[in-house]
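J.: Here it is, the structure, as structure tokens.
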Amino acid sequence: MKSVFKIIPYLLSKAKEGTPGGVTPLKLQKLLYYAQAWSLVFRNKPLFFEEIQAWVHGPAIPEVYREFKVYRCNTIHAPGSEPNCQTTADEQEIVNLVWEAYGRMSAKYLENLTHSEYPWTKARAGLSSNQLSNRSISLQDMKNYYKSFAEFNHQPRISSKAFLKRKNVDSVKGSSLRRNLTSGMGSVLNLMPQSSQYLRFSPIDFSSPLSDAESLESDWEKVGSYFQVTMDTLKKAENKNERSAF
3 MKSVFKIIPY
13 LLSKAKEGTP
23 GGVTPLKLQK
33 LLYYAQAWSL
43 VFRNKPLFFE
53 EIQAWVHGPA
63 IPEVYREFKV
73 YRCNTIHAPG
83 SEPNCQTTAD
93 EQEIVNLVWE
103 AYGRMSAKYL
113 ENLTHSEYPW
123 TKARAGLSSN
133 QLSNRSISLQ
143 DMKNYYKSFA
153 EFNHQPRISS
163 KAFLKRKNVD
173 SVKGSSLRRN
183 LTSGMGSVLN
193 LMPQSSQYLR
203 FSPIDFSSPL
213 SDAESLESDW
223 EKVGSYFQVT
233 MDTLKKAENK
243 NERSAF
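Just remember that the numbering used here sits 2 ahead of the position in the sequence shown, which is counted from 1.
Encoded structure:
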């Protein structure tokens, strides 16, 4: 496995093919994150060994930040020639795939995209939006999440659904994702009353509490709102039963 600095020159060389706004340090971080994710999916192994952390502005590699922070919000200069000697053919295929999929997106769009996706949001669970953190993003979470957007027809490709900031849980084969999202809540869902007299008053599907979620953004807030609605409807049902007893 290589260092990320063996991958960066080839990735930056792709920018010479034409990129609106060029590749800034922020955009580089996001492209490297997606390159790592899709390498895990399509090659079943990481592209580089450096850790990716869940920073305020999305996934980031500390070593890459320190190397390119001098550019601030400016475009990083691409190498003068194709640095093919530092990367293998299959590594280049991953970089090419990621570049074709994400290369023309702005740094801000990519930041917001990563903010809407499970690996980053899970790593930052419990943190405020502007709270600094060096928490690592799990490679296993990355692989499990992004493989839901992989297509293996004639050749590996990334589904267009992966580029949406708002993703329906069912569109990413959400059963395993729902298990991940709810695992931190223990078995509390199983403790909720599920008799027909309560369920007919409640709009919640207890067996799949996130099945109608429109987005992966603010997952825990949405779960919390589900519980609030559920408790309200249960209370109404109990009050109605008490009144009918007289």
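Each residue gets a CB set at the ideal place from its N, CA and C atoms; glycine is no exception. Owing to the predicted nature of the structure, the values given are computational and were not obtained by experimental measurement.
Cβ atoms of E53 and S135: under 8 Å apart, would you say?
T.: Going by C-beta atoms, S135 is not nearer than 8 Å to E53.
J.: With distance defined between alpha-carbon atoms, name the residue in N46, K29, W40, P48 nearest to H59.
T.: Looking at the Cα atoms, K29 is the closest of the given residues.
J.: Count the C-beta pairs between the stretch 122-133 and the stretch 43-50 that are closer than 8 Å, then say yes if the count reaches three, no if not.
T.: Short answer: they don't touch.
J.: In three-state DSSP terms, what is Q142?
T.: Reduced to three states, the DSSP call for Q142 is helix.
J.: Let me check one thing: in DSSP terms, what residues is G60 bridge-paired to?
T.: DSSP, once it has assigned bridges, lists W57 as partnering G60.
J.: In the DSSP output, which residue or residues are listed as bridge partners for R159?
T.: E153.
J.: So what does F50 bridge to, in DSSP terms?
T.: Note: F50 sits in a beta bridge opposite K4.
J.: Considering I96, what are the terminal residues of the alpha helix (DSSP H) in which it resides?
T.: That run of the alpha helix (DSSP H) goes 91-104.
J.: Go through its chain and collect everything with a Cβ distance to L14's Cβ below 7 Å, but skip five positions before and after it.
T.: V25, I78, A80, P81, listed in sequence order.
J.: Return the Cβ separation of V6 and I63 in integer angstroms, given the expectation that the two are a contact with Cβ distance under 8 Å.
T.: About 6 Å separates the two Cβ atoms, so the contact holds.
J.: For a test of the three-state rule: what should DSSP assign to S41, helix, strand or coil?
T.: Three-state DSSP puts S41 in a helix.
J.: Go ahead and label Q133 buried or exposed: buried means 16 or more other beta carbons lie within 10 angstroms of its beta carbon, across all protein chains shown.
T.: Q133 comes out exposed.
J.: Could you check what DSSP says for V66 in three-state terms: helix, strand or coil?
T.: Reduced to three states, the DSSP call for V66 is helix.
J.: Closest to Q142 by C-alpha separation, out of I160, A17, S41, K4, would be which residue?
T.: Of the listed residues, the one whose Cα sits closest to Q142 is S41.
J.: Look at the Cβ atom of S118, then the Cβ atom of K163, and state whether they are nearer than 8 Å.
T.: Not closer than 8 Å, so no.
J.: If T116 and K32 are in contact, beta carbons under 8 Å, what's the gap, nearest whole angstrom?
T.: Yes, T116 and K32 are in contact; Cβ-Cβ is about 6 Å, under 8 Å.
J.: My assumption, with CB atoms under 8 Å, is that S161 sits in contact with F151. Please give the rounded CB distance.
T.: Indeed they touch by this definition, with Cβ atoms about 4 Å apart.
J.: Can you tell me where the alpha helix (DSSP H) holding A109 begins and where it ends?
T.: 109-117 is the span of the alpha helix (DSSP H), which, as asked, contains A109.
J.: Hey, L112 and V66: beta-carbon distance below 8 Å or not?
T.: No, the pair does not count as a contact, with Cβ atoms beyond the cut-off.
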